[in-house]
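Novice:
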Amino acid sequence: MADPVGPSYYKRGSIEVWDFIRDQGLNYHLGCAIKYVCRAGHKDDAIQDLTKAIHYLENEREFLRECSGRVSEEIRAAKRIDDFLFESAAEFDR
Numbered sequence: 022m023a024d025p026v027g028p029s030y031y032k033r034g035s036i037e038v039w040d041f042i043r044d045q046g047l048n049y050h051l052g053c054a055i056k057y058v059c060r061a062g063h064k065d066d067a068i069q070d071l072t073k074a075i076h077y078l079e080n081e082r083e084f085l086r087e088c089s090g091r092v093s094e095e096i097r098a099a100k101r102i103d104d105f106l107f108e109s110a111a112e113f114d115r
């Protein structure tokens, strides 16, 4: 009979997977990747679990790339504003 608190494939080692995920402060996608890596070969199909882990890692990577692009654009926009303000102040000081 399965443990009502959690399946045995998450209880190998000295710490449960969800405790590790919390301890490391991982977000949802990274936590899911860890979960699937830890259960690979211990539940159903290991290849399927590793494929799911890769899916979550790729999703996180794309999210970070999008965030990085937005931050870069925000930095460029702030620099344009700063340049404009500097030029305007220089004109005002004349």
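To convert, count from 1 in the sequence shown and add 21; that's the working numbering.
The beta carbon of each residue, even a glycine, is placed where N, CA and C say it ideally should be.
Could you check what DSSP says for Arg101 in three-state terms: helix, strand or coil?
Specialist: On the sequence shown, position 80 is the one that residue 101 refers to. In this structure, Arg101 counts as helix in the three-state DSSP scheme.
Novice: For Ile36, count neighbouring C-beta atoms within 10 Å of its own C-beta (all shown protein chains included) and say buried if the count is 16 or more, exposed if not.
Specialist: Locating residue 36 in the sequence shown gives position 15, where the first residue counts as 1. Counting Cβ neighbours within 10 Å, Ile36 comes out exposed, since fewer than 16 surround it.
Novice: Specify whether the segment 35–55 and the segment 76–96 touch according to this definition: at least 3 beta carbon pairs, one from each stretch, less than 8 Å apart.
Specialist: Taking 8 Å as the limit for Cβ pairs, the verdict is that the segment 76–96 does touch the segment 35–55.
Novice: Would Leu106 be called buried (16 or more neighbouring beta carbons within 10 Å of its own) or exposed?
Specialist: Along the sequence shown, one-based indexing puts residue 106 at 85. Classification of Leu106: exposed, given that the 10 Å Cβ count is below 16.
Novice: By the three-class DSSP mapping on this structure, what secondary structure does His50 have?
Specialist: As a working mapping, residue 50 is identified with position 29 in the sequence shown. Three-state DSSP puts His50 in a helix.
Novice: Alpha carbons only, please: which of Gly34, Arg43 and Ile42 is nearest the one belonging to His63?
Specialist: Against the sequence shown, residue 63 aligns to sequence position 42. His63 has its Cα closest to that of Gly34, out of Gly34, Arg43 and Ile42.
Novice: To the nearest angstrom, report how far apart Arg82 and Ser89 are at their CA atoms.
Specialist: For the purposes of this step, residue 82 is taken as the residue at position 61 of the sequence shown. For the purposes of this step, residue 89 is taken as the residue at position 68 of the sequence shown. Near 10 Å, if we compare the C-alpha coordinates of Ser89 and Arg82.
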